[in-house]
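Residue numbers (the numbering used here): 5 to 251. Everything on this sheet refers to the single structure shown next.
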Amino acid sequence: MKKLIIANWKCNPETFKESVKILESLKKALSTNNKTIICPPNIFLRELISQYGDDFLFGAQNCYSEQKGAYTGEISPNMLTNSGVKYVILGHSERRSIFKEGDKEINMKIKKVLEETKLIPILCIGENRGERENSQTHEVIYRQLNECLKGVSAEQAKKIIVAYEPLWAIGTGIHADEEQIVDAKIHISSILCDIYAKEIVSKINIIYGGSVNSNNIEMIVNKCLMDGVLVGGASLDPVEFSKISAC
């Protein structure tokens, strides 16, 4: 089965010209072994899809829980769909920590996306450093999954990608080790099986994010049996990202 290799460019690069340069380099070196999804800043999405829609799948880094209205600065799920976007990241730890998004708000976004569009949501969950040190990882994951998936039907859940992204591993160069990743995957699967039937859970992809690079990708997808990765900083380096995508 092909792995999901998702590039989250965050608020990078600064110019459209630079984004084209990255994709041109990737286009030449990218492996076709896996499914590659590029999530650039919204301002670049439509033009990049127009130019590279035959080469890559594209996702957005966030959306709002309403389709239209007086919501200054927001992007609706339908706007993304109409631009050719196929995926959307929801609940990223930076949205939670910087913009104070909570599980209830993330749940509203997920339901809007699943009920009214064909977008595939990438739900990010994970504990911070303090929660890890206080042995609260399982508790945090349990709360986030149950709150974020409230009201999501079994049929809808099959579309979701769950990304385990411990906050302490994001942008720090310190990734979760094999034991921590395996433990998180087992716990996530167990919680999902409490919510949905086992045959439904078997269709839900569980991926890892947090300081992913070409040195740890084999451990993550082969030893830990994750269904893919969500890549941050390394996704802006075409050479490094090509190595990751070749796993």
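A virtual CB, placed ideally from N, CA and C, is assigned to each residue, including glycine. Just so it is clear, the structure is predicted and the values come from calculations on it, not from any experiment.
Secondary structure at ALA167: strand, using DSSP grouped into helix, strand and coil. Residue pairing for LEU8: DSSP places it in a beta bridge opposite LYS39 and GLY232. Pairing VAL233 with ILE9 gives a Cβ-Cβ distance under 8 Å.
DSSP, read as helix, strand or coil, puts VAL92 in strand. Taking C-beta atoms as the reference points, ASN37 and VAL235 fail to come closer than 8 Å. TYR200 sits buried, since 16 or more C-beta atoms from the chains shown fall within 10 Å of its C-beta. One thing to note: GLU169 has its Cβ no nearer than 8 Å to the Cβ of LYS227. The bridge partners DSSP lists for CYS128 are ALA167. Here THR19 is exposed. Its C-beta has fewer than 16 other C-beta atoms within 10 Å. Per DSSP, the unbroken alpha helix (DSSP H) holding PHE245 starts and ends at 242-249. Going by DSSP, ASN138 is part of no beta strand (DSSP E) at all; its letter is neither H nor E.
For ALA188, the secondary structure class from DSSP, reduced to helix, strand or coil, is helix.
Excluding sequence positions up to five before and after ILE110, its CB lies within less than 6 Å of the CB of LEU94, GLY95 and CYS152, all in the same chain and listed in chain order. In its chain, beyond the 5 residues on either side, ASP231 have a beta carbon closer than 8 Å to the beta carbon of MET5. The beta carbon of VAL205 lies closer than 7 Å to those of SER193, LEU196 and CYS197 in the same chain, with the five residues before and after it left out. LEU61 sits in a strand when the DSSP states are folded into three classes.
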